[in-house]
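Following: one structure in structure tokens, then a few remarks.
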Amino acid sequence: MEDIEDVIGSGAPPGLRFPMIAVGMKPKKLQSRKMEDIPSLNIPGTQTIYIKTFGCSHNQSDSEYMAGQLSAYGYAINDNPEEADLWLINTCTVKSPSQSAMETLILKSKSARKPLVVAGCVPQGSKDLKELEGVSIIGVQQIDRVVEVVEETLKGHEVRLLKRSTLPALDLPKVRKNRFVEILPINVGCLGACTYCKTKHARGHLGSYTVESLVNRVRQVISGGVKEIWLSSEDTGAYGRDIGVNLPILLNAIVAELPPDRSTILRIGMTNPPFILEHLNEIAKVLCHPCVYSFLHVPVQSGSDFVLKAMNREYTVGEFKVVVDTLNQLVPGMQIATDIICGFPGETDEDFAETIKLIQEYRFPHVHISQFYPRPGTPAARMKKVPSRTVKNRSRELTSVFESFTPYHGMEGRIEKIWITETATDGIYLVGHTKGYIQVLVVAPKSMLGTSTYVKITSVGR
9 MEDIEDVIGS
19 GAPPGLRFPM
29 IAVGMKPKKL
39 QSRKMEDIPS
49 LNIPGTQTIY
59 IKTFGCSHNQ
69 SDSEYMAGQL
79 SAYGYAINDN
89 PEEADLWLIN
99 TCTVKSPSQS
109 AMETLILKSK
119 SARKPLVVAG
129 CVPQGSKDLK
139 ELEGVSIIGV
149 QQIDRVVEVV
159 EETLKGHEVR
169 LLKRSTLPAL
179 DLPKVRKNRF
189 VEILPINVGC
199 LGACTYCKTK
209 HARGHLGSYT
219 VESLVNRVRQ
229 VISGGVKEIW
239 LSSEDTGAYG
249 RDIGVNLPIL
259 LNAIVAELPP
269 DRSTILRIGM
279 TNPPFILEHL
289 NEIAKVLCHP
299 CVYSFLHVPV
309 QSGSDFVLKA
319 MNREYTVGEF
329 KVVVDTLNQL
339 VPGMQIATDI
349 ICGFPGETDE
359 DFAETIKLIQ
369 EYRFPHVHIS
379 QFYPRPGTPA
389 ARMKKVPSRT
399 VKNRSRELTS
409 VFESFTPYHG
419 MEGRIEKIWI
429 TETATDGIYL
439 VGHTKGYIQV
449 LVVAPKSMLG
459 TSTYVKITSV
469 GR
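Residue numbers (the numbering used here): 9 to 470.
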């Protein structure tokens, strides 16, 4: 079947609503039902939508934009799938478990006879998956067309909208999961070609928003009461290389818009080592700003240069260390998080020992440890695999090493400023973060949400 874009072209401005009767779709045969049984299905914008999101903060932002557009058109967003007239699943393709969870949810929706729209990286990168047969799909750069896709799906049509065009506008309606936190995508895609990565198949090559459009969005959300801004990207450090600017230019422009009373704080998103090496001093200066968290997520993935080369990560362990050492030296209280993939194809015991050594040397406060999962269509999926038992054992060993660290030892009794933006899952504590993005739980009234205050640390966990 043709994509919608094949029929009507790609020159439409964001938000333009086409008469969908004219586009390529597969009408489904509906069972005969009395009209009084389905009164709302004939009136667009009166139904209830359940949205489930898998994956990264960029995906969460996409879901918030889709929820905002649907809500603005009259649809009700409901957290209860049983009460919803349609399910919208925003998917992640980074790991097999995420995709498996998506597949389970798709089966549940079909079993419950719920109209279904699947969005995100899975349909964009693997549109011919068997599990996607008979359901509507919408691509990662087509989220500004979600109302149209939902309307037609509720009518019983199968819609496929995948072709990339221009980036979705940043000022679309948005329903935030947390009203105090704005997740701001600064670009889509990346410049890398990691051999294990399926996300590149979905998000594509680097496409950056302009500095002006991002600064305008920052002004807008600050005036709307946002207290924390997360810059989101598949690789923050690569920002702007496709439009003749760079990350420090953007960061300085955004920081200039932050309120002088320090009521709103900025969190810089994940960045791979290669594209920040040349800007380390400038980025360190931004991280020292009182309205920017002294925190950065820099995935290393392995402590072995041999494995990094097989992954096509385009940096060495030594270059990663330069990033960490420079930021630790120049930024007081700097906190760095990293990622490790255990059991990448070809990883030997000696390679893994190098990873253990690296983690022990720096004792990172946050290490996201995952086992290697081959993603279909990637070069790594064709490489000789490490035995699964070995992979699991390495993951357990590294986890044990990491859990032996006590990164917050010595913080008891200190006075720290925290920004409070959410309620803990237990419903008792409020959750705040220090300048170094260390999580702090406080007993305080809900009226403290969206504020910053000084607290005394009375006890610490690991």
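Just so you know, even glycine gets a beta-carbon here, dropped at the ideal spot from N, CA and C.
- Of the residues assessed, Gly147 falls on the buried side of the cut-off, its CB having 16 or more other CB atoms within 10 angstroms.
- Uninterrupted alpha helix (DSSP H) stretches at least 4 residues long and entirely within the stretch 383-443 occur at 396-411, given in chain order.
- In this structure, the CA atom of Gly469 is about 35 angstroms from the CA atom of Lys206.
- Spatial neighbours of Arg275 in its own chain (CB-CB distance under 6 angstroms, excluding positions within 5 residues in sequence) are listed in chain order as Trp238 and Tyr301.
- Beta-bridge analysis with DSSP links Gln343 to Phe303.
- At the C-beta level, Gln77 and Val155 come within 8 angstroms of one another.
- Under DSSP, Lys464 forms a beta bridge with Ile423.
- In terms of CA proximity to Met391, Met319 leads the group Met319, Glu362 and Thr442.
- Leaving aside the five residues that flank His374 on each side, the residues in its chain whose CB is nearer than 7 angstroms to its CB run, in chain order, Ala345.
- By the neighbour-count criterion, in which 16 or more other beta carbons inside 10 Å mark a residue as buried, Tyr247 falls on the buried side.
- In the DSSP annotation of this structure, the continuous segment of the beta strand (DSSP E) that includes Ala127 starts and ends at Leu124 to Gly128.
- Judged by beta-carbon spacing, Ile57 lies within the 8 angstroms limit of Asn86, meaning their Cβ atoms are closer than that value.
- Scanning Phe283, Val308, Pro281 and Gly277 for the CA closest to the CA of Leu295 turns up Gly277.
- The stretch 213-229 makes contact with the stretch 248-260: 3 or more CB pairs, one atom from each, lie closer than 8 angstroms.
- Pro181 sits close to Ala80, with the two beta carbons spaced by under 8 angstroms.
- Within the stretch 177-254, the runs of beta strand (DSSP E) at least 3 residues long that lie entirely inside it are, in chain order, 189-193 and 236-240.
- In the DSSP assignment, the residues bridged to Lys60 are Ile97.
- Secondary structure at Ser117: helix, using DSSP grouped into helix, strand and coil.
- Across the structure, Val234 and Ala361 are spaced so that their CA atoms are roughly 44 angstroms apart.
- With a contact defined as Cβ atoms closer than 8 angstroms, Glu159 and Pro52 qualify at about 5 angstroms.
- In this structure, the CA atom of Ile230 is about 7 angstroms from the CA atom of Thr272.
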